[in-house]
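Notes for the one structure printed next.
In the working numbering, the protein residues as written are 127 to 570.
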């Protein structure tokens, strides 16, 4: 997977950003290309964002409750919600930033799977919904994420576990339906080992994080809030206790050392929580950029977990979960802006299988086929020859289905994997060579 890092120096939306660099790297961190650019001051854009945030919260509510129609603000201007994406892209379309976009267009194809990290210390730049940049409309296999400018790989352990272990913390349930969240997680991840803490005390939460077996995923469902400058945040773990994640620092550090890879905060206004975790170098964190209505929080977690459990990468699962919120935008404009990924760029992204989960069964549904369908599943020589010819023509590969035992064995071979890796990186000369040898040796 190609890596893109968009790195901001000093500056913000209101004052402009004079020093911006972009790097395109291979999956093993070798530099492919880099360039620099700038963005002008655009205070109108930040004012528009603040106006949207205020209107969204006062009009549509948070996880605490959905504001009833008669309680809503009488002034709802749909054009204000539609104006921000136009202004945002207007800002990014300036002369100073155009060279950065050109570099990305040159080195990434629309079929490229890439991680895309916006690296910044600035509160305003982290809050902007970068998914609205028109670049991502064409590049369907890229999802923007965030990182702080300072990061390290940290110590991430991996205990031997038979199943993915998930610690689910359901906080204060005022105004939300925790049973719905609980049911979604249990049904979506039925093969995982799940422990649920419902409105725990601080001591109970702390002790669970210290569990000797460790956890792969931590999920918090409930209420949270960030500080005004976005540098920190708190979660409400029960009806009386609001905790900063700094108050759980030692327990979280222990969990990370035992293999914690992902934290999900399906709660309001969560970007400040990331600030509290920065020194722990937790690999991946999912938060909601701003307050989110309860029904949308449930919808996102359901669609995200379904995609993630189905084998999609973390970033593509987030994109699918986020984009499926679009159906709510008649009632809740800008719903697709809210979920966001914050990650440590020095750590490889995750999927369900490399967390230790079992892959989805590839033979599900085969009972529907009979002897009359044999032609669908046979003909390895024809498929192999077509695969080789497509590689020689530099055509993109989507999938090879209906593989029998021989093809599965070949796909596991070192030679075939090297060919696939070369093709994924765009090195078609190496790919042709590898697949050619595989063809000669009848390993394809």
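A virtual CB, placed ideally from N, CA and C, is assigned to each residue, including glycine.
- Rounded to whole angstroms, residue 304 and residue 444 show a C-alpha spacing of 21 angstroms.
- Residue 163 counts as buried, since no fewer than 16 other beta carbons sit within 10 angstroms of its beta carbon.
- Around the Cβ of residue 270, a 10 Å sphere holds 16 or more other Cβ atoms; the residue is buried.
- The residue among 264, 148, 210 and 347 with its C-alpha nearest the C-alpha of residue 236 is 264.
- Nearest neighbour of residue 257 by Cα position, chosen from 474, 467, 233 and 234, turns out to be 467.
- Counting only residues of its own chain and dropping the five nearest sequence neighbours on each side, residue 312 has a CB closer than 8 angstroms to the CB of 320.
- Per DSSP, reduced to three states, the secondary structure at residue 310 is helical.
- Inter-residue distance for residue 152 and residue 226 is about 18 angstroms (C-alpha atoms, whole angstroms).
- By a beta-carbon distance limit of 8 angstroms, residue 363 does not contact residue 413. Their separation comes to about 16 angstroms.
- With 16 or more other Cβ atoms from the protein chains shown falling within 10 Å of its own Cβ, residue 129 counts as buried.
- Of the residues assessed, residue 238 falls on the buried side of the cut-off, its CB having 16 or more other CB atoms within 10 angstroms.
- When DSSP states are grouped into helix, strand and coil, residue 169 belongs to the helix group.
- When 366, 339 and 241 are compared, the shortest CA-CA separation from residue 326 is found for 366.
- Using a C-beta cut-off of 8 angstroms, the segment 383-390 makes contact with the segment 338-351, since at least three inter-stretch Cβ pairs fall below that distance.
- In this structure, the beta-carbon distance from residue 426 to residue 464 falls below 9 angstroms.
- In its chain, beyond the 5 residues on either side, 135, 136, 137 and 164 have a beta carbon closer than 8 angstroms to the beta carbon of residue 144.
- Rounded to the nearest whole angstrom, the CA to CA distance from residue 182 to residue 233 is 38 angstroms.
- The continuous alpha helix (DSSP H) containing residue 432 extends over residues 420-435.
- For residue 396, the CB contacts under 8 angstroms within the same chain, skipping 5 residues up- and downstream, are 350, 352, 359, 413, 414 and 415 in chain order.
- Listed in chain order, the alpha helix (DSSP H) elements of length 4 or more contained wholly in the segment 446-478 amount to none.
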